[in-house]
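S.K.: Supplied in structure tokens, the structure appears directly below.
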């Protein structure tokens, strides 16, 4: 059991404290309930641009990294379609430095044309390097647009197109900040060699007088149930042909999420998994193959993707994948195989919980989902999954009408 305590400041900032006195370190994690799904379709990539801007200096602190490094700390951040997370780890005795830095960023960034220009360039370069010029870099741009017609998951975190970032004005950026990066939209988790009393005092001192902001209520357009298969062919300058297929699955808080997660493990969790054994080792149709999902908060996608062995026809590769899916639809998974993936999931969760940083991140994430104690209950939800349940879900999810297929051909 991971112990924690929670309270909220008057401005709406939610605070979670996890005491762990077996370490001299502390982690300060600030999670904002804003991601790429909260962007205007004509101005995408903003949440990710902010991840860069947040390190460009705040109102009273010109450089974020320098004071943190002097205090023996390290930090990082990431943005997804659902959320933005900033975290730092430092010796617990210097924890106030982290409170000072994070609260100043939340109070207000140092908005300036120069800072925006620098970060715009950085993000534009990243866009070109990873998504435009890299082999297979545009796969998810195309796949999201194929699978989602209305929900904002139809664009990637980096943004739907480069021009959105290139044309972002200081005014647009400021509006986005003061709408989303407010105490009422944030969760502060502090973990490590700290006490609840100390964290409460520091939180009041550093965050207490930041204006609350308005609670942002989402009204995201919901994706209609997909009723016909969709296909896309791409020809690009890549070394080998690749096959991608995805199906719509459930939101993160749906109980069937756990069954789906186990299904992906059975199909592709390592060298003894079904897709690898059958299609890579035995039939040698793919040189590698994987099945995964993004764990997104709203209804997401489960994906099978693989690189074909040279000379193999795309249609044959797809048929081979379909044959494997048919087996899991027709015949319940054997108890032994199910137990194996459950054990693997259990050790994965245990391993994640070993790191202070990841415990703090999980506490923030579950708080964002609305139930911090999920950190102690998730494992049991996996344990409850049954072979019959897995078979039923396989038949619902892997329905051809629910599928989006991309044939990605190389020029060779």
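In my numbering, the protein residues as written are 12 to 423.
We treat Cβ as the ideally placed atom computed from N, Cα and C, and that holds for glycine.
Note that this is a predicted model, so its numbers are computed, not measured.
State buried or exposed for residue 318, treating a residue as buried only when at least 16 other CB atoms are found within 10 Å of its CB.
M.R.: Residue numbering aside, residue 318 sits at position 307 when the chain shown is read from its first letter. Burial call: buried.
S.K.: Rounded to whole angstroms, what is the Cα-Cα separation between residue 57 and residue 280?
M.R.: Numbered from its first residue, the chain shown carries residue 57 at position 46. Numbered from its first residue, the chain shown carries residue 280 at position 269. Spanning the two alpha carbons is a distance of roughly 34 Å.
S.K.: Classify residue 192 as helix, strand or coil using the three-state DSSP reduction.
M.R.: Here residue 192 corresponds to residue number 181 of the chain shown, with the count starting at 1. Coil, per DSSP.
S.K.: So residue 254 is in the beta strand (DSSP E); what residue range does that whole segment cover?
M.R.: Counted from its first residue, the chain shown places residue 254 at position 243. 253 to 259 is the span of the beta strand (DSSP E), which, as asked, contains residue 254.
S.K.: So is residue 228 buried or exposed if we call it buried at 16+ other beta carbons inside 10 Å?
M.R.: Sequence index remark: in the chain shown, residue 228 carries index 217 (1-based). Per the 10 Å Cβ criterion, exposed.
S.K.: Assuming residue 367 and residue 224 form a contact by the criterion Cβ under 8 Å, report the distance between their Cβ atoms to the nearest whole angstrom.
M.R.: Position 356 of the chain shown, counted from the start, is the residue given in the question as residue 367. Position 213 of the chain shown, counted from the start, is the residue given in the question as residue 224. Not a contact, Cβ separation roughly 29 Å.
S.K.: What are the boundary residues of the beta strand (DSSP E) that includes residue 301?
M.R.: Here residue 301 corresponds to residue number 290 of the chain shown, with the count starting at 1. Its beta strand (DSSP E) spans residues 297 to 304.
S.K.: Which stretch, first to last residue, makes up the alpha helix (DSSP H) that contains residue 387?
M.R.: By 1-based counting over the chain shown, the position of residue 387 is 376. Residue 387 -> alpha helix (DSSP H) spans 385 to 394.
S.K.: CA-CA distance, residue 275 and residue 13?
M.R.: As a first step, residue 275 is located in the chain shown; it is residue number 264 there, counting from the start. As a first step, residue 13 is located in the chain shown; it is residue number 2 there, counting from the start. Roughly 27 Å separates the two Cα atoms.
S.K.: Between the C-alpha atoms of residue 353 and residue 288, what's the straight-line distance to the nearest angstrom?
M.R.: Residue numbering aside, residue 353 sits at position 342 when the chain shown is read from its first letter. Residue numbering aside, residue 288 sits at position 277 when the chain shown is read from its first letter. Whole-angstrom Cα-Cα distance: 19 Å.
S.K.: First and last residue of the beta strand (DSSP E) that includes residue 29?
M.R.: Here residue 29 is taken as the residue at index 18 of the chain shown, counted from 1. Looking at the DSSP string, the run of the beta strand (DSSP E) that includes residue 29 is 25 to 30.
S.K.: If I follow the unbroken alpha helix (DSSP H) through residue 338, where does it start and stop?
M.R.: Position 327 of the chain shown, counted from the first residue, corresponds to residue 338. Taken as a continuous stretch (DSSP letters only), the alpha helix (DSSP H) holding residue 338 covers 325 to 341.
S.K.: Closest by CA to residue 400, which one among 421, 416 and 342?
M.R.: As a working mapping, residue 400 is identified with position 389 in the chain shown. With distances taken between Cα atoms, residue 400 lies closest to 342.
S.K.: Do three or more CB pairs link the region 83 to 91 to the region 17 to 34 at distances below 8 Å?
M.R.: As far as the Cβ criterion goes, the region 83 to 91 does not touch the region 17 to 34, which means the pair count is below three.
S.K.: Can you tell me which of the three DSSP states residue 311 falls into?
M.R.: Position 300 of the chain shown, counting from 1, holds the residue named residue 311. Residue state, collapsed to three classes: coil.
S.K.: According to DSSP, simplified to helix, strand and coil, what is residue 246?
M.R.: Taking the chain shown and counting its residues from 1, the one referred to as residue 246 is at position 235. Of the three classes helix, strand and coil, the one that applies to residue 246 here is strand, per DSSP.
S.K.: Quick check: residue 417 and residue 154, are their CB atoms within less than 7 Å of each other?
M.R.: In the chain shown, counting from the first residue as 1, residue 417 sits at position 406. In the chain shown, counting from the first residue as 1, residue 154 sits at position 143. For residue 417 and residue 154, yes; Cβs fall inside 7 Å.
S.K.: Kindly indicate which three-state DSSP category residue 372 falls into: helix, strand or coil?
M.R.: Your numbering for residue 372 matches position 361 in the chain shown. Helix, per DSSP.
S.K.: Between which two residues does the beta strand (DSSP E) containing residue 354 stretch?
M.R.: Reading the chain shown from its first residue, position 343 is the one you call residue 354. Taken as a continuous stretch (DSSP letters only), residue 354 belongs to no beta strand (DSSP E), being part of the alpha helix (DSSP H) at 346 to 365.
S.K.: For the candidate residues 402, 188 and 140, whose alpha-carbon lies nearest to that of residue 222?
M.R.: By 1-based counting over the chain shown, the position of residue 222 is 211. Of the candidates 402, 188 and 140, the one whose C-alpha sits nearest the C-alpha of residue 222 is 188.
S.K.: Alpha carbons only, please: which of 260, 422, 419 and 26 is nearest the one belonging to residue 219?
M.R.: For the purposes of this step, residue 219 is taken as the residue at position 208 of the chain shown. For residue 219, the nearest C-alpha among the options comes from 26.
S.K.: Please report the Cβ distance between residue 87 and residue 98, rounded to the nearest whole angstrom; I am assuming they are in contact, meaning their Cβ atoms lie under 8 Å.
M.R.: Here the question's residue 87 lines up with position 76 in the chain shown. Here the question's residue 98 lines up with position 87 in the chain shown. Their Cβ separation, rounded to whole angstroms, is 6 Å, which keeps residue 87 and residue 98 in contact under 8 Å.
S.K.: Could you tell me if residue 409 is buried or exposed, where buried requires 16 or more neighbouring beta carbons within 10 angstroms of its beta carbon?
M.R.: Position 398 of the chain shown, counted from the start, is the residue given in the question as residue 409. Answer is buried; the Cβ neighbour count reaches 16.
S.K.: DSSP on residue 49, reduced to helix/strand/coil?
M.R.: Looking up residue 49 in the chain shown gives position 38. Of the three classes helix, strand and coil, the one that applies to residue 49 here is helix, per DSSP.
S.K.: I'd like the list of long-range same chain contacts for residue 349, defined as Cβ closer than 6 Å, with 5 residues on each side in sequence excluded.
M.R.: Here residue 349 corresponds to residue number 338 of the chain shown, with the count starting at 1. The answer, listed in chain order, is 398.
S.K.: What residue range is occupied by the uninterrupted beta strand (DSSP E) comprising residue 64?
M.R.: In the chain shown, counting from the first residue as 1, residue 64 sits at position 53. It is not in any beta strand (DSSP E) - residue 64 instead sits in the alpha helix (DSSP H) that spans 57 to 64.
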